[in-house]
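Letter by letter, the sequence shown follows residues -29 to -1, 1 to 120 of mature numbering (1 follows the signal peptide of the UniProt record, and there is no 0).
Ideal Cβ positions, reconstructed from N, Cα and C, are used throughout, including at glycine.
The structure appears below as structure tokens.
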Amino acid sequence: MTFRRLVQLAGIAATVLVFSASLLTTALAQPKNERQFQATATDAQGVETEIKNVMFYWEEKVSETAFVPHELRHVPVKKGTATVNVKFDNIKQIDVKPAADGSLPTLAITLTNGKTGEFGLAIKGSFKGESDFGEVDLPVGGLKKVVFK
């Protein structure tokens, strides 16, 4: 085999390797086929914001300079000592009742089947998503209501 032929084969192998790596990167970068939710959030001042691809967002502090972001498709709430993760699939509306002492608010959740319940918010977080004007981050403590569509 000639040197020229070896160079050609090496070039072909490198091209195949780059193409394979590109396919793998694309496959890994694809988001999970999670359902995207839409909602209308009304803040404490009465301003309504339409949110697409809404999620409940919070950051877990792991050190003084490092945080782990969490993007959830449910709302973590407290019922007694239990933490209940109420899935967006089941939520029709959330009414937010701010706490007087600055602690986490109480959420009155209405499910799509009509059942209602009041819960304390388990984790300080926000509803995050996309509006027509860009990314939106609405802290739960500053909201009155969230209506899922």
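### Query
Whose C-alpha, out of Ile94, Gly85 and Lys86, is nearest the C-alpha of Leu75?
Ile94
### Query
What residue from Gly112, Gly113, Gly17 and Glu5 has the CA that sits closest to Lys58's CA?
Glu5
### Task
Would you identify the three-state DSSP class for Asp60, choosing helix, strand or coil?
helix
### Message
Relative to the C-alpha of Ile80, which candidate in Lys99, Gly73 and Asp60 has its C-alpha closest?
### Response
Asp60
### Task
Could you have a look at Gly112 and say whether DSSP puts it in helix, strand or coil?
helix
### Query
Out of Lys63, Asn56 and Ser102, which has the shortest C-alpha to C-alpha gap to Gly85?
Lys63
### Task
Just the C-alpha distance for His45 and Asp103, rounded to the nearest angstrom, thanks.
23 Å
### Query
Does DSSP classify Gln9 as helix, strand or coil?
strand
### Query
Which of the three DSSP states, helix, strand or coil, is assigned to Phe104?
coil
### Message
I need the straight-line Cα distance from Thr54 to Thr13, nearest angstrom please.
### Response
25 Å
### Query
Which of the three DSSP states, helix, strand or coil, is assigned to Asp66?
strand
### Query
What residue from Thr77, Thr20, Glu31 and Thr11 has the CA that sits closest to Gly51's CA?
Thr77
### Query
Any idea if Ala10 is buried or exposed, counting beta-carbon neighbours within 10 angstroms, 16 or more meaning buried?
buried
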